[in-house]
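Written out below as structure tokens is the structure these notes cover.
Numbering (UniProt numbering), first residue to last: 1 to 398.
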């Protein structure tokens with residue numbers, strides 16, 4: 001059944017979603033992107049929906065160019081997960097105490113730590129927590145001049161969740177093993193960098209006359225491209241380190257309640273980023289916005305919503321999709337539409353059995369605002385194999 005080709009595009013555009021199920025505005029976005037002279041091809045994941053400039057759920061291979069909007073403003077946004085030796089039988093019937101511990105350990109929403117986290121005191125050991133911090137922070141002075149005043153804030157936001165669709169979950173797999181799963185990105189610093197470079201790109205002469213100003217690109221061999229790639233790569237590392245620190249803080253909170261806990265090697269993946277890859281035999285700059293890399297044997301994480309399921313998957317390395325898969329279920333309605341359509345009572349009903357916020361502040365994250373995660377997974381059976389199915393029993397939202 002999949003993929004299907006989107007008609008009327010200059011660059012070949014293959015989709016793992018039926019054309020009639022994608023909103024017209026998103027289809028037009030895809031056509032606009034595929035018509036850019038630098039684009040070799042576009043691949044569209046089953047969680048596709050309208051985004052700013054570039055479509056969420058899109059994978060774009062470009063020759064010697066990159067569009068900042070094809071990455072998005074939350075540079076490096078992605079997932080992190082770890083399996084524990086705990087089972088459902090180890091968990092108390094009332095998980096509110098564990099949720100409070102996690103919320104006390106990890107700031108959510110616009111909040112940050114009062115001072116930078118001391119990574120040496122974290123309970124979870126990972127390479128990103130052991131080394132590279134002096135090099136990483138030492139390169140802050142090379143970032144765009146407008147963000148230099150934000151270094152202190154960036155330090156204090158390492159190990160914080162953010163809001164929107166970002167979350168921390170405690171889940172159970174099919175064998176009732178306990179997993180920790182989280183979704184977050186590069187916080188305010190990634191957004192600040194992305195917006196500044198998008199502004200610069202819009203003003204470049206080669207971007208005059210584009211059908212959408214948000215599709216402005218940088219081209220290789222220019223100072224503007226070099227500056228963007230430098231800041232982008234720093235923000236991608238920031239996002240990965242942010243998730244590693246968060247996971248360390250969460251594991252520390254879990255160990256306080258369950259001293260016998262042990263943690264496996266974590267799984268980590270970006271789903272808003274740029275990488276250099278060989279596509280159809282040629283070197284390309286590949287942007288994934290709301291998509292994960294699914295190379296042969298590579299593990300990735302595909303979450304659903306706060307009342308459904310998430311999946312640990314192993315990539316099949318399908319070249320037709322540029323070795324990619326979806327990053328989640330994908331929204332089927334906007335946040336404002338969800339707030340208009342649903343009530344707190346609906347939220348309570350749809351998150352039954354999950355220890356979580358159940359108030360008006362998270363109605364826009366109600367499960368019914370998202371596509372059916374099982375259908376999304378089924379649509380990409382040629383892209384990934386399911387390794388584990390995770391059912392959340394606790395969810396922390398900003």
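Here a beta-carbon is modelled for each residue, glycine too, at the ideal position from N, C-alpha and C.
Quiz item: Between which two residues does the beta strand (DSSP E) carrying residue 60 extend?
Solution: For residue 60, the uninterrupted beta strand (DSSP E) segment begins and ends at 56 to 62.
Exercise. Out of 1, 36, 180, point me to the one whose CA is closest to residue 14's CA.
Key: That would be 1, whose Cα lies nearest to the Cα of residue 14.
Quiz item: Is residue 219 near residue 65, with beta carbons less than 8 Å apart?
Solution: Yes, they are a contact pair.
Exercise. Please report the Cβ distance between residue 339 and residue 365, rounded to the nearest whole angstrom; I am assuming they are in contact, meaning their Cβ atoms lie under 8 Å.
Key: Beta-carbon to beta-carbon, residue 339 and residue 365 are separated by about 10 Å, too far to satisfy the 8 Å threshold.
Self-check item: One or two residues paired with residue 272 in a DSSP bridge
Solution: Looking at the DSSP assignment, residue 272 forms a beta bridge with 289.
Practice problem: Give the secondary structure of residue 90 by DSSP, where H, G and I count as helix, E and B as strand, and everything else as coil. | Solution: Residue state, collapsed to three classes: helix.
Self-check item: Span separating the alpha-carbon of residue 114 from that of residue 326
Solution: As the crow flies, the alpha-carbon of residue 114 is around 35 Å from that of residue 326.
Quiz prompt | Neighbour-count burial assignment, residue 187, 16 or more Cβ in a 10 Å radius | solution = Residue 187 counts as buried, since no fewer than 16 other beta carbons sit within 10 angstroms of its beta carbon.
Quiz item: residue 313: buried (16+ other C-beta within 10 angstroms of its C-beta) or exposed?
Solution: That one is buried.
Quiz item: Cα-Cα, which of 334, 290, 258 is closest to residue 44?
Solution: When each option's Cα is compared against that of residue 44, the closest is 290.
Quiz item: Would you call the segment 143 to 159 and the segment 228 to 248 in contact, with 3 or more CB pairs under 8 Å?
Solution: Flag = yes, the segment 143 to 159 and the segment 228 to 248 touch.
Quiz item: Is there contact between the segment 206 to 215 and the segment 294 to 310, where contact requires at least three CB pairs shorter than 8 Å?
Solution: Fewer than three Cβ pairs drawn from the segment 206 to 215 and the segment 294 to 310 lie within less than 8 Å of each other, which leaves the two stretches out of contact.
Exercise. Within the same chain, show all residues whose beta-carbon is closer than 7 Å to that of residue 26, passing over the 5 residues directly before and after it, in chain order.
Key: Excluding positions up to five away in sequence, the list reads 48, 49, 50, 55.
Quiz prompt | Close-in-space but distant-in-sequence residues of the same chain around residue 78 (CB under 6 Å, 5 per side omitted) | solution = Closer than 6 Å at the Cβ level, and outside the excluded window around residue 78, lie 269, 270, 271.
Quiz item: Hey, which unbroken runs of the alpha helix (DSSP H) at 4 residues or more fall wholly within the segment 73 to 158?
Solution: As far as the segment 73 to 158 is concerned, its whole alpha helix (DSSP H) runs of at least 4 residues are 96 to 105, 127 to 130, 133 to 138, 151 to 157.
Exercise. Would you identify the three-state DSSP class for residue 204, choosing helix, strand or coil?
Key: Three-state result, residue 204: coil.
Exercise. Would you please state the rounded distance, in angstroms, between the beta carbons of residue 309 and residue 389? I believe it to be under 8 Å.
Key: Confirmed, about 6 Å.
Quiz item: What is the rounded straight-line gap between the Cα of residue 110 and the Cα of residue 142?
Solution: Here the alpha carbon of residue 110 sits roughly 26 Å from the alpha carbon of residue 142.
Quiz item: Between residue 82 and residue 264, is the Cβ-Cβ spacing less than 8 Å?
Solution: Cβ atoms of residue 82 and residue 264: closer than 8 Å.
Quiz item: Where are the beta strand (DSSP E) runs, 3 residues long or more, that stay fully inside the segment 277 to 358, in chain order?
Solution: Those beta strand (DSSP E) runs which fall completely within the segment 277 to 358 and span 3+ residues are 282 to 289, 291 to 293, 299 to 302, 309 to 315, 324 to 326.
Quiz item: Going straight from the alpha carbon of residue 75 to that of residue 217, what length do you get?
Solution: Distance from the CA of residue 75 to the CA of residue 217, rounded to the nearest whole angstrom, comes to 16 Å.
Self-check item: Distance CB(residue 300)-CB(residue 315) smaller than 8 Å
Solution: In this structure, residue 300 lies near residue 315, with their beta-carbon atoms less than 8 Å apart.
Quiz item: Roughly how far, in whole angstroms, is the beta-carbon of residue 253 from the beta-carbon of residue 102, given that I think they are within contact range, below 8 Å?
Solution: Right, their Cβ atoms sit about 5 Å apart.
Quiz item: What is the DSSP secondary structure of residue 366, counted as helix, strand or coil?
Solution: Taken through DSSP and simplified to helix, strand or coil, residue 366 comes out as coil.
Practice problem: Go through its chain and collect everything with a Cβ distance to residue 360's Cβ below 7 Å, but skip five positions before and after it. | Solution: Only 344 meet the Cβ criterion.
Quiz item: Thinking just about the alpha-carbon of each residue, which of 58, 179, 150 is nearest to the one in residue 262?
Solution: It is 179.
Quiz item: Would you call residue 118 buried or exposed, if buried means 16 or more other Cβ atoms sit within 10 Å of its Cβ?
Solution: Exposed, by the Cβ-count rule.
Quiz item: So residue 284 packs on residue 40, CB below 8 Å; how close in whole Å?
Solution: Contact holds; Cβ gap of about 6 Å.
Self-check item: Candidates 342, 349, 258, 61, of which the one nearest residue 11 by Cα
Solution: Of the listed residues, the one whose Cα sits closest to residue 11 is 61.
Quiz item: Among residues of its own chain, excluding the 5 on either side of residue 112, which ones have a beta-carbon nearer than 6 Å to its beta-carbon?
Solution: Contacts found: 156, 157, 160.
Practice problem: Could you check if residue 57 is buried or exposed, using at least 16 other CB atoms within 10 Å of its CB as the buried criterion? | Solution: So residue 57 counts as buried.
Practice problem: Quick one: give me the first and last residue of the alpha helix (DSSP H) that residue 254 is part of. | Solution: Counting along the chain, the unbroken alpha helix (DSSP H) around residue 254 starts and ends at 223 to 257.
Quiz item: Would you call the CB atoms of residue 391 and residue 172 closer than 8 Å?
Solution: Taking 8 Å as the Cβ cut-off, residue 391 and residue 172 qualify as a contacting pair.
Quiz prompt | Option in 87, 202, 335 with minimal Cα separation from residue 175 | solution = When each option's Cα is compared against that of residue 175, the closest is 87.
Quiz item: In chain order, what residues of the same chain have a beta carbon less than 7 Å from the beta carbon of residue 32, not counting five sequence neighbours either side?
Solution: Excluding residues up to 5 positions away in sequence, 211, 212, 215 lie with their Cβ nearer than 7 Å to the Cβ of residue 32 in the same chain.
Practice problem: Taking residue 399 as the reference, give the member of 147, 96, 63, 132 with the closest Cα. | Solution: With the chain covering 1 to 398 only, the question about residue 399 has no answer from this structure.
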